[in-house]
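Asks:
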Amino acid sequence: MKSLNLILIGPPGSGKGTQAELLREKNSFVHYSTGEVFRDHIRRKTPVGLQVERYVTSGGLVPDSVVLEVVNSFLAENAGKAILFDGFPRTIPQAEGLDKVLAENQLAVDMAVLVDLADDEVVKRLTARRQCRSCSKIYNLTFKPPKKGGVCDDCDGEIYQRKDDSENVIRDRLNTYHKQTEPVIGYYSTQGKLKRIDGALGRDRVYEEVTRLIGAA
Numbered sequence: 001m002k003s004l005n006l007i008l009i010g011p012p013g014s015g016k017g018t019q020a021e022l023l024r025e026k027n028s029f030v031h032y033s034t035g036e037v038f039r040d041h042i043r044r045k046t047p048v049g050l051q052v053e054r055y056v057t058s059g060g061l062v063p064d065s066v067v068l069e070v071v072n073s074f075l076a077e078n079a080g081k082a083i084l085f086d087g088f089p090r091t092i093p094q095a096e097g098l099d100k101v102l103a104e105n106q107l108a109v110d111m112a113v114l115v116d117l118a119d120d121e122v123v124k125r126l127t128a129r130r131q132c133r134s135c136s137k138i139y140n141l142t143f144k145p146p147k148k149g150g151v152c153d154d155c156d157g158e159i160y161q162r163k164d165d166s167e168n169v170i171r172d173r174l175n176t177y178h179k180q181t182e183p184v185i186g187y188y189s190t191q192g193k194l195k196r197i198d199g200a201l202g203r204d205r206v207y208e209e210v211t212r213l214i215g216a217a
């Protein structure tokens, strides 16, 4: 596979994170997650990491200029590799900034893959999610229920529903996603780089579709 710069987009509960993990493990993509990269810079106490830490500590949003500086550093550290941008960019200014940073490195976004899922299906999936209070293992009452009812298979801990998996919270998250991300979807669609995959197909079928798309790129 030639080196691609791939953006993965999708609502919460779409399985986007699972696809990112599969692409990293099976297709040798380098995974860019803003949060993970921020934490790495903070841990290494790099100049940009110290900037990020100041914003995070004060509870403020990290400005796009700093985010894009982090992206530029990431590209330099991973020159020549296939990069998967997971959950980034989230806004039009970030998308435009990413195009500029990539162009400065003689690169471009090759494809943006939208793992799409209807809001009601997102709610159905996430309200069925449960977690072990002891070891944090994740279950889903529909797709991956615990074998012993309300008890964890691994540690016998209590299985519970997190507050952020309530329907009201999920719909708030979806509203934020639509408000922020739909313009970004339109941005890549206008560029002819957007590919849509039905997230309802299930993990394996979605992965097959993603690999088919990147294989044809």
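FYI, full-length UniProt numbering numbers position 48 of the sequence shown as 48, with every residue one higher than the one before it. Where is the CB? At the ideal position from N, CA and C, for every residue including glycine.
Taking its Cβ as the centre, do 16 or more other Cβ atoms sit within 10 Å of residue 83, making it buried, or is it exposed?
Replies: With 16 or more Cβ atoms within 10 Å of its Cβ, residue 83 is classed as buried.
Asks: Spell out the partners DSSP gives residue 42 in its beta bridges.
Replies: Residue 42 is not bridged to any residue.
Asks: Give a yes or no on whether the C-beta atoms belonging to residue 109 and residue 117 are separated by under 8 Å.
Replies: Going by C-beta atoms, residue 109 is not nearer than 8 Å to residue 117.
Asks: In chain order, what residues of the same chain lie with their CB nearer than 6 Å to the CB of residue 6, ignoring the 5 residues before and after it?
Replies: Contacts found: 84 and 111.
Asks: In the region 92–137, which residue ranges form an unbroken beta strand (DSSP E) of at least 3 residues, counting only runs that do not cross its ends?
Replies: Qualifying beta strand (DSSP E) stretches, in chain order: 111–116 and 129–132.
Asks: Could you tell me which residues DSSP pairs with residue 5 in its beta bridges?
Replies: Looking at the DSSP assignment, residue 5 forms a beta bridge with 83.
Asks: Compute the Euclidean distance between the alpha carbons of residue 20 and residue 149, then round it to the nearest angstrom.
Replies: Roughly 30 Å between the two C-alpha positions.
Asks: Got a sec, what are the start and stop residues for the beta strand (DSSP E) residue 196 sits in?
Replies: It spans 194–198 - the beta strand (DSSP E) in which residue 196 sits, taken as one unbroken run.
Asks: Tell whether a beta-carbon distance below 8 Å holds between residue 11 and residue 122.
Replies: Yes, the Cβ-Cβ distance between residue 11 and residue 122 is below 8 Å.
Asks: Can the beta-carbon of residue 146 be found closer than 8 Å to that of residue 152?
Replies: Yes, they are a contact pair.
Asks: Identify whether residue 78 lies in helix, strand or coil by the three-state DSSP scheme.
Replies: Here residue 78 sits in coil by DSSP.
Asks: Which word fits residue 132, buried or exposed, when buried means at least 16 other C-beta atoms lie within 10 angstroms of its C-beta?
Replies: So residue 132 counts as buried.
Asks: Residue 30 lies in the alpha helix (DSSP H); which residues open and close that run?
Replies: No alpha helix (DSSP H) holds residue 30; the beta strand (DSSP E) holding it covers 30–32.
Asks: Could you give the first and the last residue of the continuous alpha helix (DSSP H) run that contains residue 182?
Replies: Where residue 182 is concerned, the enclosing alpha helix (DSSP H) stretches over 167–190.
Asks: Would you report the Cα separation of residue 164 and residue 170, rounded to the nearest angstrom?
Replies: Near 7 Å, if we compare the C-alpha coordinates of residue 170 and residue 164.
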